[in-house]
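Engineer:
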Amino acid sequence: AFSKKNRKQKTENRKQKTAFMEPPILVRSRPHLMTIVLNRPQVLNTLNLEMVRLLRRALEEALSQDRIRLVVLTGAGDRAFSAGGDLKAAAQAVKAGAYEQVEKFFREEYALDLFIHHYPKPLLALAHAIIMGGGLGLAAGMDLTVVTERTRMGMPETHIGFFPDVGATGWLFDRCPRGYPEFLALTGYEMVGSECLRLGLAHLLVRWERRGELLETLERLAERVPVDKKEAVGHLRDCLAPLSETAITPNPEMDAWVARNFAGKASVGEILASLSKCAPVDKLCREALQRLSGVSPTALALTITLLRRHEGRGLREVFAAEARAAQFMIRHPDYLEGIRARILDKDNRPRWQPFREEDGFPGLAL
3 AFSKKNRKQK TENRKQKTAF MEPPILVRSR PHLMTIVLNR PQVLNTLNLE MVRLLRRALE
63 EALSQDRIRL VVLTGAGDRA FSAGGDLKAA AQAVKAGAYE QVEKFFREEY ALDLFIHHYP
123 KPLLALAHAI IMGGGLGLAA GMDLTVVTER TRMGMPETHI GFFPDVGATG WLFDRCPRGY
183 PEFLALTGYE MVGSECLRLG LAHLLVRWER RGELLETLER LAERVPVDKK EAVGHLRDCL
243 APLSETAITP NPEMDAWVAR NFAGKASVGE ILASLSKCAP VDKLCREALQ RLSGVSPTAL
303 ALTITLLRRH EGRGLREVFA AEARAAQFMI RHPDYLEGIR ARILDKDNRP RWQPFREEDG
363 FPGLAL
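Heads up: the sequence shown is residues 3 to 368, going by our numbering.
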């Protein structure tokens with residue numbers, strides 16, 4: 003048994019050493035196509051500062067080369083496009099009091115996301131599996147997001163004592179039907195590929211087994227992609243249509259339920275009151291109440307505040323306010339406690355700080 007344990011440890015050490023030697027971003031340039039791969043599959047391609055900087059550099063390089071007509075971003079491995087920011091690293095820094103290190107990551111991540119939103123060349127994200135938090139922040143600014151039936155998309159930040167950032171408190175309103183920005187941001191609801199399409203967070207759904215065919219098609223198409231970005235995106239959608247399943251399955255009952263219980267509510271208290279009324283007779287209401295009761299009260303209150311302020315606002319303003327909110331939240335006890343309970347110890351029993359709406363967010367100027 004001792005020998006078996008040693009062999010297992012050696013194998014694990016070898017894997018970690020190999021992972022350490024691998025570059026965290028892979029860039030493959032073809033004559034007219036640049037493919038960028040987030041390359042930390044062993045940690046679900048979670049983002050750190052080095053990756054953010056390398057990704058920015060690759061995008062700037064593609065911009066400087068006239069021959070590059072299209073940029074594709076995807077994640078290495080079968081498990082994830084990107085599960086978001088590296089929370090273990092963030093927790094270590096916060097524990098050590100190195101808040102500036104975490105703030106620097108957020109500043110540069112948000113700057114990258116804003117850069118992507120205004121990028122002059124067409125961008126396509128192949129979000130084939132898990133895409134959460136900061137991973138969704140990258141895809142949100144891209145012209146085309148392709149998902150598969152294995153995609154799992156969400157903004158689960160309130161569950162770890164944080165808030166949906168990366169511009170989500172603004173751009174969710176541009177993409178999603180009424181009530182869904184609040185519903186997705188507060189509950190952390192996880193969408194499958196077809197739901198991503200229906201809710202405006204993806205453009206095309208390609209079957210898992212056709213991913214390779216999709217990338218080959220993009221390589222062939224790249225040379226003929228129009229220089230005008232709007233034309234280019236339309237051209238790509240037309241050419242990829244035979245590969246994709248774009249038919250959206252409506253869900254009017256769910257849409258009506260979300261709008262009734264989440265749209266336009268001024269506070270978390272209003273949402274909870276609405277859900278409590280229907281909980282005795284409605285399973286969806288009971289499930290939503292259960293989810294909301296398990297997340298950080300401070301994170302919920304901050305999230306609804308940001309959503310109410312950012313609907314219809316410009317992205318630059320949204321990112322600036324989210325940066326200030328992030329500074330506040332990483333110093334709040336719920337942030338470390340959420341990461342401990344969900345990521346490190348995995349006991350799923352966070353001990354949240356109580357929150358009173360009348361106390362607000364001391365020292366935070368939004």
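C-beta: ideal position from N, C-alpha, C; glycine also.
1) Run through DSSP, which three-state label would residue 133 get?
2) Are the beta-carbon atoms belonging to residue 296 and residue 164 less than 8 Å from one another?
3) Hey, how far is the Cα of residue 42 from the Cα of residue 255?
4) Can you grab the Cα-Cα spacing for the pair residue 291 / residue 244, in whole Å?
5) With distances taken from CA atoms, which of 180, 263 and 153 is nearest residue 209?
6) Taking residue 308 as the reference, which of 362, 257 and 288 has the closest Cα?
7) Within the 8 Å Cβ cut-off, does residue 80 reach chain B?
8) What residues are listed by DSSP as bridge partners for residue 27?
9) Under a Cβ-count criterion, where at least 16 other Cβ atoms within 10 Å of its own Cβ denotes burial, should residue 364 be classed as buried or exposed?
10) Using DSSP with H/G/I as helix, E/B as strand and the rest coil, what is residue 340?
11) Would you call residue 36 buried or exposed, if buried means 16 or more other Cβ atoms sit within 10 Å of its Cβ?
12) As a quick exercise: from 338, 216, 351 and 348, pick the residue whose alpha carbon is nearest that of residue 98.
13) Report the rounded CA-to-CA distance for residue 96 versus residue 336, giving the unit in angstroms.
14) Please state the DSSP three-state secondary structure of residue 204.
15) Grab me the residues of residue 29's own chain with a C-beta within less than 7 Å of its C-beta, minus the 5 sequence neighbours each way, in chain order.
16) Quick check: the stretch 155-162 against the stretch 186-193, are there 3 or more CB pairs under 8 Å?
17) Does the distance from the C-beta atom of residue 147 to that of residue 127 stay below 8 Å?
18) Could you check the C-alpha separation between residue 32 and residue 221 for me, to the nearest Å?
19) For residue 202 and residue 260, which I take to be in contact (beta-carbon distance under 8 Å), what is that distance rounded to the nearest angstrom?
20) Out of curiosity, what's the CA-to-CA distance linking residue 162 and residue 68?
21) Can you tell me the Cβ-Cβ gap for residue 206 and residue 250, rounded? I've got them flagged as a contact below 8 Å.
22) What distance in whole Å lies between the Cβ atoms of residue 114 and residue 58, which are believed to be in contact at a cut-off of 8 Å?
23) Using the beta-carbon count (16 or more within 10 Å), is residue 267 buried or exposed?
24) Apply the 10 Å Cβ neighbour rule to residue 263 and answer buried if 16 or more other Cβ atoms are within range, or exposed otherwise.
25) I'd like to know whether the C-beta atoms of residue 130 and residue 213 end up nearer to each other than 8 Å.
26) Between which two residues does the beta strand (DSSP E) containing residue 82 stretch?
27) If you draw a straight line from the C-alpha of residue 278 to the C-alpha of residue 265, how long is it?
28) Within 10 Å of its beta-carbon, does residue 367 have 16 or more other beta-carbons around it, so buried, or fewer, so exposed?
29) My guess is that residue 183 and residue 257 are in contact by the Cβ rule of under 8 Å, so how many angstroms apart are they, rounded?
30) Could you check which residue in 133, 124 and 356 has the C-alpha nearest to that of residue 195?
Structural biologist: Taking the geometry as given:
1) strand
2) no
3) 39 Å
4) 41 Å
5) 153
6) 362
7) Going by chain labels, chain B is absent from the structure shown, which holds only one protein chain.
8) 40
9) exposed
10) helix
11) buried
12) 338
13) 12 Å
14) coil
15) 36, 38 and 60
16) yes
17) yes
18) 8 Å
19) That belief does not hold up - the Cβ atoms of residue 202 and residue 260 are roughly 13 Å apart, past 8 Å.
20) 43 Å
21) Going by Cβ atoms, the distance from residue 206 to residue 250 rounds to 11 Å, so no, they are not a contact pair.
22) 5 Å
23) buried
24) buried
25) yes
26) 82-84
27) 16 Å
28) exposed
29) Contact flag wrong, Cβ pair sits at about 13 Å.
30) 133
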